[in-house]
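There are 2 protein chains.
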Amino acid sequence: MSKKPALAPQAASLGAGSERVGAGKLDADFELIELLFFAYRDFVGEPDRLLAVHGFGRAHHRVLHFVNRHQGLTVAELLEILEITKQSLARVLKDLINAGFIEQRAGDEDRRQRRLYLTAQGEVLAYALAGMQGQRMARALAEAGAADRPVIKRFLEALIDPERRATALAKA
Amino acid sequence: MSKKPALAPQAASLGAGSERVGAGKLDADFELIELLFFAYRDFVGEPDRLLAVHGFGRAHHRVLHFVNRHQGLTVAELLEILEITKQSLARVLKDLINAGFIEQRAGDEDRRQRRLYLTAQGEVLAYALAGMQGQRMARALAEAGAADRPVIKRFLEALIDPERRATALAKA
DNA sequence: AAAATTACGTCAACGTTATTGACATATTTC
DNA sequence: GAAATATGTCAATAACGTTGACGTAATTTT
Numbered sequence: 193m194s195k196k197p198a199l200a201p202q203a204a205s206l207g208a209g210s211e212r213v214g215a216g217k218l219d220a221d222f223e224l225i226e227l228l229f230f231a232y233r234d235f236v237g238e239p240d241r242l243l244a245v246h247g248f249g250r251a252h253h254r255v256l257h258f259v260n261r262h263q264g265l266t267v268a269e270l271l272e273i274l275e276i277t278k279q280s281l282a283r284v285l286k287d288l289i290n291a292g293f294i295e296q297r298a299g300d301e302d303r304r305q306r307r308l309y310l311t312a313q314g315e316v317l318a319y320a321l322a323g324m325q326g327q328r329m330a331r332a333l334a335e336a337g338a339a340d341r342p343v344i345k346r347f348l349e350a351l352i353d354p355e356r357r358a359t360a361l362a363k364a
Numbered sequence: 193m194s195k196k197p198a199l200a201p202q203a204a205s206l207g208a209g210s211e212r213v214g215a216g217k218l219d220a221d222f223e224l225i226e227l228l229f230f231a232y233r234d235f236v237g238e239p240d241r242l243l244a245v246h247g248f249g250r251a252h253h254r255v256l257h258f259v260n261r262h263q264g265l266t267v268a269e270l271l272e273i274l275e276i277t278k279q280s281l282a283r284v285l286k287d288l289i290n291a292g293f294i295e296q297r298a299g300d301e302d303r304r305q306r307r308l309y310l311t312a313q314g315e316v317l318a319y320a321l322a323g324m325q326g327q328r329m330a331r332a333l334a335e336a337g338a339a340d341r342p343v344i345k346r347f348l349e350a351l352i353d354p355e356r357r358a359t360a361l362a363k364a
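Here the protein sequences come in this chain order: A and L.
Take the first sequence: its position 57, counted from the start at 1, is 249 in our numbering, and no numbers get skipped.
Take the second sequence: its position 172, counted from the start at 1, is 364 in our numbering, and no numbers get skipped.
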């Protein structure tokens, strides 16, 4: 029950009732959709090149990032953030542990848990990666207008599925 | 009742810009960095589910999108936008052609070229996908403040590598 | 204390998207 | 006619993800 300015592709036969298509053809904001695609590609592309030096990929980056942000988190918590399976996590986590970027320590209260921490080496890499994205983000914020950070924040939050929004923010 | 161990052990969440930083480590805006990660994940996740119905993936989406936006483009042009190899493109393009979503026609001037067009069926799918992302984008824009579209646009543009920016905009 | 559950690890098979390298086939241009 | 161009294709490989099944240690329940 929201009004949607229809946008006809080339719709030859529009005569009949409600020949709707898929999720509805609203006037999709192609410009911003594409901008987001290109923006994200470059946003992760730069760190990718540094990661490749160590033989790592994007998945390793995500693990490094969230372990850095929440040192001592459990494997279960990390899986919940990343929304991947434990088998997927296992491979990259093993790489990072073997290479000495992350270490595990059994939980104090619950010794089944493997809490994750960055090593000194891991912090170096995590900060280097964060630096790249941080600088890019800072530049973007400056060009948008530094005072508009709240606008950007609301925009990005609203892009997230409502159910997940609270979770994402809590982690952030 | 399950005893839920406290999340985010050490990381006290802090507001906008200022993280404690050692000498040399810059002040990465972790909040926006993560928000962009979660936002993009959900932004592409919803279309993914529709694509899966047809046995397609994200790569097919990108091809559908850009062929829709630039009907009649050549394979070379598409490769330039996507920045992938022709072998990578070949597989998804073949899928889309075989399934009747995209068709090729030899160029008028240069008959070596295979210009790409959406079929009627292809347009249906492309618009359904665009509708999903368009609605999400519209919602995000509304929550950010519709008047702030220029801010968002500048922000996203500035996230793109400077060299690529012109190209991305031209295509958009 | 036995039984069940939880937290995690791991082996195996497989799918999607990307890569590099090499080679084939038209078509256009010099 | 030779060279360059636009595209297609075969083959091998890598990164990242999935599902399914099973194992083990630690904790909780009964």
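A virtual CB, placed ideally from N, CA and C, is assigned to each residue, including glycine.
Per-residue burial, residue i [other beta carbons within 10 Å of its own, 16 or more giving buried]
{"i": "Thr266 (chain A)", "result": "buried"}
{"i": "His246 (chain A)", "result": "exposed"}
{"i": "Arg307 (chain A)", "result": "buried"}
{"i": "Gln305 (chain A)", "result": "buried"}
{"i": "Arg261 (chain A)", "result": "buried"}
{"i": "Asp221 (chain A)", "result": "buried"}
{"i": "Glu355 (chain A)", "result": "exposed"}
{"i": "Glu275 (chain L)", "result": "exposed"}
{"i": "Ala332 (chain L)", "result": "buried"}
Through-space distance from residue j to residue i, alpha-carbon basis
{"i": "Glu238 (chain L)", "j": "Gly323 (chain L)", "result": "11 Å"}
{"i": "Phe336 (chain L)", "j": "Leu351 (chain A)", "result": "Reading off the sequence shown, one finds Ala at residue 336 (chain L), where the question assumed Phe. Distance between the alpha carbons of Ala336 (chain L) and Leu351 (chain A) is about 10 Å."}
{"i": "Leu281 (chain L)", "j": "Val316 (chain A)", "result": "37 Å"}
{"i": "Ala318 (chain A)", "j": "Gln296 (chain A)", "result": "17 Å"}
{"i": "Ala144 (chain A)", "j": "Glu223 (chain L)", "result": "This structure leaves residue 144 (chain A) out entirely; chain A is present only between 193 and 364."}
{"i": "Asp302 (chain A)", "j": "Asp240 (chain A)", "result": "36 Å"}
{"i": "Ile273 (chain A)", "j": "Gly299 (chain A)", "result": "19 Å"}
{"i": "Leu271 (chain A)", "j": "Lys278 (chain A)", "result": "7 Å"}
{"i": "Phe293 (chain L)", "j": "Ile294 (chain A)", "result": "46 Å"}
{"i": "Gly249 (chain L)", "j": "Val284 (chain L)", "result": "9 Å"}
{"i": "Leu348 (chain L)", "j": "Leu348 (chain A)", "result": "11 Å"}
{"i": "Thr359 (chain A)", "j": "Ala244 (chain A)", "result": "30 Å"}
{"i": "Asp219 (chain A)", "j": "Val236 (chain L)", "result": "18 Å"}
{"i": "His252 (chain L)", "j": "Asp353 (chain L)", "result": "24 Å"}
{"i": "Arg357 (chain A)", "j": "Arg357 (chain L)", "result": "30 Å"}
{"i": "Arg269 (chain A)", "j": "Glu269 (chain L)", "result": "In the sequence under discussion, the amino acid at residue 269 (chain A) is Glu, which differs from the Arg named in the question. Taking the straight line from one Cα to the other gives about 43 Å."}
Rounded distance between the beta-carbons of residue j and residue i, thought under 8 Å
{"i": "Ala320 (chain A)", "j": "Leu242 (chain A)", "result": "6 Å"}
- Item | Contact the segment 325–334 of chain A vs the segment 312–321 of chain L: 3+ CB pairs below 8 Å | Counting Cβ pairs under 8 Å, fewer than three are found: no touch.
- Message: Any contact between the segment 279–289 of chain L and the segment 247–261 of chain L? By contact I mean 3 or more CB pairs, one from each, below 8 Å.
- Response: Segment contact: the segment 279–289 of chain L against the segment 247–261 of chain L, three or more CB-CB distances shorter than 8 Å; contact assigned.
- What are the uninterrupted segments assigned as alpha helix (DSSP H) that are 4 or more residues long and contained completely in the segment 281–308 of chain A, given in chain order? Segments of the alpha helix (DSSP H) lying fully in the segment 281–308 of chain A: there are none.
- Query: How do the segment 216–235 of chain A and the segment 220–235 of chain L stand: do at least 3 beta-carbon pairs fall below 8 Å, yes or no?
  - Reply: Touching, per the Cβ criterion.
- Task: Would you check if there are 3 or more beta carbon pairs closer than 8 Å linking the segment 338–350 of chain L to the segment 262–280 of chain L?
- Result: The count of Cβ pairs closer than 8 Å, one atom from the segment 338–350 of chain L and one from the segment 262–280 of chain L, stays below three, leaving the stretches out of contact.
- Item | Uninterrupted alpha helix (DSSP H) stretches inside the segment 311–340 of chain A (no shorter than 4 residues) | Here the runs fully enclosed are 312–336.
- Task: Output the residue ranges of the alpha helix (DSSP H) runs that lie fully inside the segment 211–262 of chain L and measure 4 residues or longer, sorted by chain position.
- Result: Counting only runs of 4+ residues, the alpha helix (DSSP H) found wholly inside the segment 211–262 of chain L occupies 222–245 and 250–261, in chain order.
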